[in-house]
Ligand code: BES
Ligand code: ZN
Ligand code: ZN
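In our numbering, the protein residues as written are 71 to 546.
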């Protein structure tokens with residue numbers, strides 16, 4: 071269930087109050103006894119504690135100090151992390167409703183704290199026989215800094231990130247390409263987004279050779295979902311197109327993944343989930359921009375009819391590809407979607423994909439590996455959004471020399487570079503299918519965490535949703 075954030079109203083009942091202050095002097099002296107004030111002063115000034123808990127007989131009081139020093143985006147992230155800690159404390163104390171009293175001036179602290187609280191309260195427990203649900207349901211805010219629109223966006227984004235995490239956490243038995251497209255259709259319909267799902271026959275007639283090749287080892291048909299949010303009075307003449315890798319499970323195919331490296335491969339549709347949920351949020355918030363989502367989807371498995379290394383396939387654009395490794399499948403299904411994106415004459419195309427282990431090894435779970443072609447300004451804007459939502463972009467070179475590494479003797483290109491710079495040669499492969507400003511985001515590192523990291527939690531993080539939403543919202 072989604073955690074709701076709302077403005078405090080006189081009838082509200084709560085058993086926990088969180089005072090958010092920059093320093094001791096901002097505390098409301100009338101709310102505390104002399105002893106309590108001394109205790110708080112000592113804890114903050116002498117012990118340098120940032121979060122101080124005052125258990126009372128009838129309620130829980132938390133005082134959260136934060137220093138308004140450094141860059142705004144870094145302060146906001148500290149507040150989100152503090153919010154996550156508070157959520158865990160509230161759940162430990164079985165509290166359902168908490169009030170955040172914002173006593174800071176001119177900061178986004180309360181917004182970010184509430185965001186961290188709400189995102190940190192996510193659970194994926196549907197398969198547990200005994201469901202230990204978190205107690206926290208509602209976060210009330212008393213703050214002059216947050217306006218109506220911000221409350222609305224915060225709740226829309228919490229919902230969208232929860233939905234994205236759910237999709238990524240769902241195993242293959244629940245989420246194959248067809249059931250994924252059904253969920254996409256439901257979400258789109260709810261948010262008034264136009265949706266069209268291409269079935270296998272349509273994909274065959276479009277000659278999407280990459281998607282069909284990867285799907286050959288599967289017992290389930292592929293899907294290609296198109297979402298379109300085109301509100302009246304949209305401000306862009308050419309659309310923004312988001313493309314998401316929707317491999318619902320990646321065994322590696324005939325080049326089967328060894329040992330435990332297959333374990334988390336239900337997360338291989340994390341890019342697709344982020345695209346779906348970001349457009350869902352953009353539509354719920356009625357943002358005045360024409361945005362299109364393309365989601366090619368299949369699983370990647372070995373079978374009697376599976377594609378094999380040495381095969382040559384013809385893609386949607388007509389380009390031929392020599393298959394060197396069936397585990398480099400993401401770029402094949404994305405290439406067809408990127409080729410298809412051309413028909414919209416897009417302003418910009420951004421793809422999100424759990425594309426390479428190399429990206430994850432290079433920077434770990436702390437950011438997104440990013441490359442771009444002919445999109446200097448948009449990339450700067452997206453980098454800025456990356457800071458705002460703390461899904462930071464790490465830009466990698468996109469030099470033409472890397473193109474040499476994917477040349478093939480028998481076909482136009484091959485689906486594998488050398489042993490070096492795997493995340494870049496994967497990006498270069500994708501670029502071969504673009505003729506518009508293009509940003510490639512490899513989210514293999516941050517998509518699915520092996521251990522809990524504050525409000526991002528464990529397992530699916532929902533990375534990409536807040537990033538794309540922020541990018542569009544800032545265009546208003
Ligand atoms: N889905 C994987 C990449 C991945 C790895 C995602 C770890 C999330 C976490 C992708 O399809 C893949 O298997 N890539 C190969 C490419 C190689 C064969 C060129 C890889 O990175 O090993
Ligand atoms: Zn793979
Ligand atoms: Zn994959």
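A virtual CB, placed ideally from N, CA and C, is assigned to each residue, including glycine.
Here the structure is a predicted model, which means the values were calculated and not measured.
Residue side-chain check: residue 81 keeps its Cβ at 7 angstroms or more from all non-hydrogen atoms of ligand 3. Between residue 293 and residue 311, the gap from beta carbon to beta carbon reaches 8 angstroms or more. A Cβ-Cβ distance of about 23 angstroms is found for the pair residue 376 and residue 341, leaving them out of contact under the 8 angstroms criterion. Taking 8 angstroms as the cut-off, the Cβ atoms of residue 168 and residue 210 count as close. Annotation for residue 495 indicates a beta carbon at 7 angstroms or more from all heavy atoms of ligand 3. Residues of the same chain with a CB within less than 6 angstroms of the CB of residue 300, apart from the 5 flanking positions on each side, are 360 in chain order. Between residue 512 and residue 426, the C-beta gap is smaller than 8 angstroms, which places the two residues in contact. Per DSSP, reduced to three states, the secondary structure at residue 233 is helical. Taking the C-beta atoms as reference points, residue 339 is found nearer than 8 angstroms to residue 367. Assignment of residue 386 by DSSP, reduced to helix, strand and coil, places it in the coil class. A Cβ-Cβ distance of about 5 angstroms is found for the pair residue 89 and residue 133, placing them in contact under the 8 angstroms criterion. Rounded to whole angstroms, residue 274 and residue 205 show a C-alpha spacing of 49 angstroms. Contact between residue 462 and residue 438 holds: CB atoms are separated by about 7 angstroms, below the 8 angstroms threshold. Sorting 469, 365 and 420 by C-alpha distance to the C-alpha of residue 316 places 365 at the top. Relative to ligand 2, residue 320 has its C-beta within less than 7 angstroms of a heavy atom.
In this structure, the CA atom of residue 248 is about 14 angstroms from the CA atom of residue 265. Here the alpha carbon of residue 371 sits roughly 13 angstroms from the alpha carbon of residue 395. Look at residue 468 here: in three-state DSSP terms it is coil, with no helix or strand label. Membership of residue 252 in any beta strand (DSSP E) is not indicated; the residue belongs instead to the alpha helix (DSSP H) covering 247–260.
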